[in-house]
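Going letter by letter, the first sequence gives residues 132 to 857 in this note's numbering.
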Amino acid sequence: MSDLRSVEPAEALLEGLNGPQREAVTWGEGPLLVLAGAGSGKTRVLTHRIAHLIYTRRARPGEILAITFTNKAAGEMRERVERLLGHSTRSMWLSTFHSACARILRSEADRLGYTRAFTIYDQADSRRLAKRSAEAVGVDMTRYKPAAIQARISDAKNRLLDVDAYRREAQDPFDEMMADVYASYQRQIHAMNAMDFDDLLLRTVELLERYDDVRARYQASFRYVLVDEYQDTNRAQYRLLQLLVGDGSDGPRNITVVGDDAQSIYGFRGADVRNILDFERDFPEAHVVKLEQNYRSTETILAVANAVIANNRGAIAKELWSDLGTGEQVQLRELDDEHAEARMIVGEIRRLLDEGAAAADVSVLYRTNAMSRAIEDQLVRGDIAYQVIGGTKFYERAEIKDAIAYLTFLVNGADVVAFSRIINSPRRGIGQTSLARITAQAQTLGTDVWDVAADAASVPGLAAAATKALTRFMETMAELRELAREGLGVAELLQAVLERSGLIAALEDERTIEAEGRIENLEQLVAVAHEFDDEHGEEASLELFLQELALVADADTRRSDSGLVTLMTLHNAKGLEFPVVFIAGLEDGMFPHSRSIDEGALEEERRLFYVGVTRAMRTLYLTHARRRAVFGSPSVAMRSRFVDEVPAHLLDVPARRSSPTSWSSGAGDGAQASAAAYRLGEDVLHAAFGEGVVTALEPGGVIVVRFAGDGSERKLMADYAPLSRP
DNA sequence: ATCCTGATTTTTTTT
DNA sequence: AAATCAGGAT
């Protein structure tokens, strides 16, 4: 390659890109569809295209709106663009759909009857509200689950149906009832100056549809719109893009979308593959670029991916190829149960680490969050550091939600959900009954709960003790609100909230290990607030802090620079790559999941498997168990049909000796005494099986050894087996 | 109002 | 297996 200094800087942005990538980066005005197979360098294309647009002065940073799937991806993209350009991109809009919408809504809130301090409800908040709405309408809650009710509402919103449209579409009495629930839900959430995740999109669409001046302003401001992971956009996001890009009557529609129909895995939340399939119909003047060269995986891994995805119908023709060589065969392992599976995985990880692999190079993927536990247990035993992405998130912990609810109530006195959460936490002697009286009064008067609660004496029927407690509580809240008005930093304010609310004191009084952990979590939240203050300086406001917090995805908290093995669901693995990947739990019913074994959904499961396989760069393990505990009770499982779709010659399946099954698994702590000779993770040499590593110690002097030769795992009597140290 | 206990449910996947 | 919930006792 030529010396960078001797070429035109714009040329330098194309350095090292292949033909189609260059074409996508340099393409001029008008719609552009980039069909980017897994590992084909689409992030590179996006960042270089943005840098190129700015460098060639076709766009100023402020004229670019780039949508990514996670905040973390947005941050990384900003960093890369800045590195390419050598200057700041602060004025560029680079965020997720939801964050961009929240930002727009914050500045236009009054048009929709909101204030800029509106609360963003997460799933749990929204579910609680759905339940309340259903009860208010008189739905028999023993027959319907709140989650199902909420899913209905969310589904309607994702299809851009407002309450009236939903009612018009109603087919049966159940739908009619749901329409009432939906109406009640929307009435309440609006009255509380709150929005759920779906509202962020829906309300922005409403805003742009209803106000020509607002639409014109944003259309003019975002001259170039770029969207990553376009295959996972839903109806609302699609409509939003149309509104932002315009109809093309006053200039070219500069929209770039990047995606891969084979990786569409969010149908369950309303994503519609047709958005990408029909792009050329929606934008007839579109230019299309296909990226088919994969720079990530070995040919064997790609052959597996291609073979499996070929079983899906109606995909855009596309064949991934790579010149990285054949590489290793894909390792297929069948184990007795989920514990043996976990031992096998951790045993292999230990071996890889001993051979010099970095922990950060290894990832274990699974279908459902619940599957992480067995693997975590073994990692802990094996003393291997790891991180879990997803599952119970930091921001969903009770104490964190409490602290956030305090802050929320300070800025949004109409937020009944926040008020309900904090009014008796810590305990103040204000229970269900008193709470119901207060909220009912607020609803009757149509005023903020804050105002009702601040005048405790005015609440009808409130007991004397409750009135007193409420008065004290609201005095504290008023003090805190005053502190907020004085322009205290978010971190300092949070600290004041934790102290004056009695939240910390109550935890300290518990004097348990658990409570100590909770206090630590709260301290961590204060640290997050400090970071926010430092980052935003003068701009830092409590409103902004809360709205950013609500949109943090767990994927955003992933650490890449550390010596940690990463565990996560296949969904969370989207967009990532690892030299070594394990896909666990490949059993019919687990993956594909039993609830999606019908036509359309099965294809989505297959795409999810495709996503998993294509995360692997060098080494891929597929594992499944003959027995697996579901809801605590064991059940037999068949190997996943997806495994059967993999051509046999690509797989390495070690011949399996029948292993002794009479010994129960689940080593206790007492195991060390009899198997003291061997320690967890220790290398051993077996006369017949060769080198291996101890992956578990079990009672009765039994050790479990994973052999390097054939990858098999065997239970041995430590005292009798022909074992020695290498 | 709060605490305890037994019953029921949870696990699809997420912004 | 763990978490949440409803009902009843205090």
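C-beta atoms are modelled at their ideal positions from N, C-alpha and C, and glycine is treated no differently.
Terminal residues of the continuous alpha helix (DSSP H) containing residue i?
i: residue 186; result: 173-186
i: residue 576; result: 563-576
i: residue 539; result: 529-542
i: residue 156; result: 150-157
i: residue 350; result: 343-352
i: residue 218; result: Neither: residue 218 is in no alpha helix (DSSP H) and is coded neither H nor E.
i: residue 263; result: 254-268
For the putative contact between residue i and residue j, defined by C-beta atoms under 8 Å, what is the C-beta separation to the nearest angstrom?
i: residue 498; j: residue 763; result: Between residue 763 and residue 498 the Cβ distance is about 18 Å, and since that is not below 8 Å, they are no contact.
i: residue 395; j: residue 726; result: Residue 395 to residue 726, Cβ: 18 Å. No contact.
i: residue 410; j: residue 388; result: 6 Å
i: residue 333; j: residue 291; result: 7 Å
So who's on the other strand from residue i, going by DSSP bridges?
i: residue 358; result: 198 and 388
i: residue 713; result: 495 and 752
i: residue 380; result: Answer is none; residue 380 lacks a bridge partner.
i: residue 164; result: 388 and 419
i: residue 284; result: Answer by DSSP bridge pairing: none, since residue 284 is not bridged.
i: residue 720; result: 724
i: residue 226; result: 198
i: residue 783; result: 462
i: residue 364; result: Paired residues: none, contrary to the question.
i: residue 452; result: 424
i: residue 699; result: 496
i: residue 250; result: 325
i: residue 671; result: Note: residue 671 sits in no beta bridge, so no partner.
Can you have a look at residue i and say buried or exposed, based on whether 16 or more other CB atoms are within 10 angstroms of its CB?
i: residue 263; result: buried
i: residue 403; result: buried
i: residue 856; result: exposed
i: residue 608; result: buried
i: residue 816; result: exposed
i: residue 254; result: exposed
i: residue 587; result: buried
i: residue 780; result: exposed
i: residue 412; result: exposed
i: residue 589; result: exposed
i: residue 162; result: buried
i: residue 357; result: buried
i: residue 469; result: buried
i: residue 476; result: buried
i: residue 151; result: buried
i: residue 343; result: exposed
i: residue 768; result: buried
i: residue 272; result: exposed
i: residue 854; result: buried
Any heavy atom of the ligand SAM closer than 8 Å to the CB of residue i?
i: residue 735; result: The model depicted lacks the ligand SAM and carries no ligand whatsoever.
Measuring straight from C-alpha to C-alpha, what distance separates residue i and residue j?
i: residue 642; j: residue 603; result: 26 Å
i: residue 368; j: residue 228; result: 7 Å
i: residue 502; j: residue 707; result: 20 Å
i: residue 689; j: residue 433; result: 26 Å
i: residue 377; j: residue 350; result: 7 Å
i: residue 774; j: residue 495; result: 17 Å
i: residue 224; j: residue 330; result: 20 Å
i: residue 235; j: residue 335; result: 7 Å
i: residue 622; j: residue 557; result: 21 Å
i: residue 447; j: residue 632; result: 57 Å
i: residue 746; j: residue 628; result: 44 Å
i: residue 186; j: residue 141; result: 7 Å
i: residue 493; j: residue 748; result: 10 Å
i: residue 149; j: residue 751; result: 27 Å
i: residue 702; j: residue 756; result: 21 Å
i: residue 145; j: residue 222; result: 24 Å
i: residue 800; j: residue 173; result: Only weak support exists for where residue 800 lies, its pLDDT of 34 falling under 50; the value from the coordinates is given anyway. Looking at the two C-alpha atoms, the distance is approximately 49 Å.
i: residue 687; j: residue 596; result: 45 Å
i: residue 522; j: residue 278; result: 17 Å
i: residue 450; j: residue 398; result: 23 Å
i: residue 537; j: residue 251; result: 14 Å
How far does the beta strand (DSSP E) with residue i in it reach, from first residue to last?
i: residue 418; result: 418-422
i: residue 766; result: 764-767
i: residue 309; result: First-last for residue 309: 304-322, but that is the alpha helix (DSSP H), not the beta strand (DSSP E).
i: residue 518; result: 517-519
i: residue 444; result: Segment: none, residue 444 is in no beta strand (DSSP E) and carries neither H nor E.
i: residue 96; result: Any question about residue 96 goes unanswered here, given that the chain covers just 132 to 857.
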